[in-house]
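Participant: Okay, handing you the structure first.
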Amino acid sequence: MNIDFLSLIKESEALNSSVFSLIRLQLLSSIADVGKDGVACRELKAAFGVSDGALFTNLRFLEETGYVTSKEITLEGKKLQSYQITSEGLLAWGQIKEWLKKFVECGGKNNESG
Amino acid sequence: MNLDKVVACLKEIGFKPKINDFQDRLVIQKAVYLLQRKGIGSNFEYNLHVRGPYSPELTKEIYGHKSSVEKLETSSRLNNAESRAVEEFKGLFPGLKPGILEVAATYSYFAFERHQDVMTALQNVKRMKSFYSEAQIAVGVSKAKEFLFQPSEKELAEMKEESRAWQDASLKDMRG
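Chains as they are written, first to last, in the numbering used here: chain A, 1 to 114; chain B, 115 to 290.
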């Protein structure tokens with residue numbers, strides 16, 4: 001793949017830069033991974049080992065951006081909150097992944113030639 | 115991938131799922147994982163996701179064929195070995211409790227697929243499924259072992275040796 005640095009920067013302008021924090025990328029990726037199935041909030045908390053505050057703040061951000069939706073589910077008689085990716089979220093995550101791949105590849109090539 | 119085979123297993127288990135129900139989809143995901151580890155040839159690819167061992171393809175397929183899955187329509191038949199595996203599964207997981215299935219599938223992934231030692235596998239289950247009680251984790255792990263553990267020659271010899279020691283002790287005890 002032939003990637004030049006300037007076009008990479010140009011492409012980045014189309015991305016939602018506010019998603020670029022580790023926890024937001026992890027959440028978006030994990031929720032996108034399970035597609036229509038969705039993921040219970042307690043599973044996200046256990047997997048990432050973050051505080052309730054950090055988890056809910058970032059989930060709320062993704063929800064307000066329109067990338068995920070939440071709904072109440074029942075599991076073994078317990079009411080739980082579950083998060084599901086939206087088509088907008090899936091599109092954004094796809095763009096971010098593509099861009100990150102190019103970014104890493106471009107960095108690697110520049111380091112080799114330098 | 116063979117969704118027909120999955121439906122044949124569900125039919126044999128006697129589980130008629132509602133695909134819009136989160137709990138029913140969870141039961142299918144974990145039951146199919148465990149049954150595949152036991153040799154059922156439905157061939158869905160599983161990887162470790164935030165929800166434990168999980169197959170996105172299986173989710174796509176069950177949504178894509180929602181009606182036939184819910185009605186348990188299938189042209190696939192289980193062979194003798196597969197029927198035995200499903201019978202064993204039914205006996206070990208009565209009521210298809212989602213929590214127990216989740217723990218059992220997650221432990222199986224670490225212990226039998228990734229070949230982690232017992233302690234590491236258990237620690238990883240406790241980390242990923244920290245919202246389950248110690249008792250639920252213990253039951254799930256024990257069921258996974260009972261369903262899938264296949265001792266090596268060396269382990270069989272060790273187990274025999276261990277049970278012989280117990281037998282000797284009890285004989286001694288009986289003789290006073």
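Even glycine gets a Cβ: it sits at the ideal position worked out from N, Cα and C.
Within this structure, are the beta carbons of A:W93 and A:A32 separated by less than 7 angstroms?
Facilitator: Taking the first residue of the first sequence as 1, we reach residue 93 of chain A at position 93. Taking the first residue of the first sequence as 1, we reach residue 32 of chain A at position 32. Cβ distance < 7 angstroms, so A:W93 and A:A32 count as in contact.
Participant: In whole angstroms, what separates the C-alpha of B:N116 from that of B:Q143?
Facilitator: Start at 1 with the first residue of the second sequence, and residue 116 of chain B comes out as number 2. Start at 1 with the first residue of the second sequence, and residue 143 of chain B comes out as number 29. For B:N116 and B:Q143, the distance between alpha carbons rounds to 14 angstroms.
Participant: Using a Cβ cut-off of 9 angstroms, pull out every chain A residue sitting near B:T173, in sequence order please.
Facilitator: In the second sequence, the residue the question calls residue 173 of chain B occupies position 59. Those are V34, G35, K36, D37, listed as they occur along chain A.
Participant: Indicate whether at least one CB of chain A lies closer than 7 angstroms to the CB of B:P131.
Facilitator: The sequence position of residue 131 of chain B within the second sequence is 17, counting from 1. Answer no: the Cβ-Cβ gap between B:P131 and chain A never drops below 7 angstroms.
Participant: Nearest-angstrom Cα distance between B:Y177 and A:A14?
Facilitator: Looking up residue 177 of chain B in the second sequence gives position 63. Looking up residue 14 of chain A in the first sequence gives position 14. Taking the straight line joining both Cα atoms gives about 32 angstroms.
Participant: For B:S244, would you say it is in contact with chain A, using Cβ-to-Cβ distances shorter than 7 angstroms as the test?
Facilitator: As a position in the second sequence, residue 244 of chain B is number 130, starting the count at 1. So, interface residue.
Participant: With 16 as the cutoff for other CB atoms within 10 Å, does B:G213 come out buried or exposed?
Facilitator: Stepping through the second sequence from its first residue, residue 213 of chain B is reached at position 99. Per the 10 Å Cβ criterion, buried.
Participant: Note down, in chain order, each residue of its chain lying with its Cβ closer than 7 angstroms to the Cβ of A:L90, except the 5 sequence neighbours on either side.
Facilitator: Along the first sequence, one-based indexing puts residue 90 of chain A at 90. Excluding residues within five positions, the ones whose Cβ falls inside 7 angstroms are A32.
Participant: Compute the Euclidean distance between the alpha carbons of A:F103 and A:S12, then round it to the nearest angstrom.
Facilitator: As a working note, residue 103 of chain A is residue 103 in the first sequence. As a working note, residue 12 of chain A is residue 12 in the first sequence. Near 10 angstroms, if we compare the C-alpha coordinates of A:S12 and A:F103.
Participant: What's the gap between the Cα of B:T234 and the Cα of B:M242?
Facilitator: Here residue 234 of chain B refers to the residue found at position 120 of the second sequence. Here residue 242 of chain B refers to the residue found at position 128 of the second sequence. Straight across, the Cα-Cα distance linking B:T234 with B:M242 is about 12 angstroms.
Participant: Over what stretch of residues does the beta strand (DSSP E) that includes B:L172 continue unbroken?
Facilitator: Numbered from its first residue, the second sequence carries residue 172 of chain B at position 58. Unbroken run through B:L172 is the alpha helix (DSSP H), 170-178; no beta strand (DSSP E).
Participant: Specify, as a first and last residue, the run of the alpha helix (DSSP H) that A:L6 falls within.
Facilitator: Position 6 of the first sequence, counted from the first residue, corresponds to residue 6 of chain A. Taken as a continuous stretch (DSSP letters only), the alpha helix (DSSP H) holding A:L6 covers 5-12.
Participant: Starting from the C-beta of A:L27, find all residues in its chain whose C-beta is less than 7 angstroms away, skip the five residues before and the five after it, and write them out in chain order.
Facilitator: Along the first sequence, read from residue 1 onward, the residue named residue 27 of chain A stands at position 27. Counting only Cβ-Cβ distances below 7 angstroms, and skipping sequence neighbours, we find L44, N58, L59, L62.
Participant: Measuring straight from C-alpha to C-alpha, what distance separates B:K60 and B:R228?
Facilitator: No information on residue 60 of chain B is available, as it lies outside the stretch 115 to 290 that chain B covers here.
Participant: Would you say A:E43 reaches chain B, if we count a Cβ-Cβ gap shorter than 7 angstroms as a contact?
Facilitator: By one-based count along the first sequence, residue 43 of chain A stands at place 43. By this cut-off, A:E43 is an interface position.
Participant: Where do the ends of the beta strand (DSSP E) carrying B:Q221 lie?
Facilitator: Stepping through the second sequence from its first residue, residue 221 of chain B is reached at position 107. Sequence inspection shows Tyr at residue 221 of chain B; the Gln mentioned does not correspond to that position. No beta strand (DSSP E) contains B:Y221, which is instead part of the alpha helix (DSSP H) from 212-222.
Participant: Just by C-beta distance, which residues in the stretch 121-153 of chain B are closer than 9 angstroms to chain A?
Facilitator: D135, F136, Q137, R139, L140, Q143
Participant: In terms of residue numbering, what span does the alpha helix (DSSP H) encompassing B:N194 cover?
Facilitator: Taking the second sequence and counting its residues from 1, the one referred to as residue 194 of chain B is at position 80. Per DSSP, B:N194 belongs to the alpha helix (DSSP H) from 194-206.
Participant: Would you mind sorting B:D119 into buried or exposed? The rule is 16 or more other CB atoms within 10 Å of its CB.
Facilitator: Stepping through the second sequence from its first residue, residue 119 of chain B is reached at position 5. The amino acid occupying residue 119 of chain B in the given sequence is Lys; Asp does not appear at that position. By the 10 Å Cβ count, B:K119 comes out buried.
Participant: So what does DSSP say about B:L285, is it helix, strand or coil?
Facilitator: In the second sequence, residue 285 of chain B corresponds to position 171, counting from 1. B:L285: helix per DSSP, three-state reduction.
Participant: Have a look at B:I154, B:W280, B:G166 and flag the residue whose alpha-carbon is nearest the alpha-carbon of B:S197.
Facilitator: By one-based count along the second sequence, residue 197 of chain B stands at place 83. Relative to B:S197, the option among B:I154, B:W280, B:G166 whose CA is nearest is B:I154.
Participant: Three Cβ pairs or more, each shorter than 8 angstroms: is that satisfied between the stretch 258-276 of chain B and the stretch 207-225 of chain B?
Facilitator: Taking 8 angstroms as the limit for Cβ pairs, the verdict is that the stretch 207-225 of chain B does touch the stretch 258-276 of chain B.
Participant: If we define contact as Cβ-Cβ less than 7 angstroms, is A:S30 a contact residue for chain B?
Facilitator: On the first sequence, position 30 is the one that residue 30 of chain A refers to. A:S30 counts as touching chain B.
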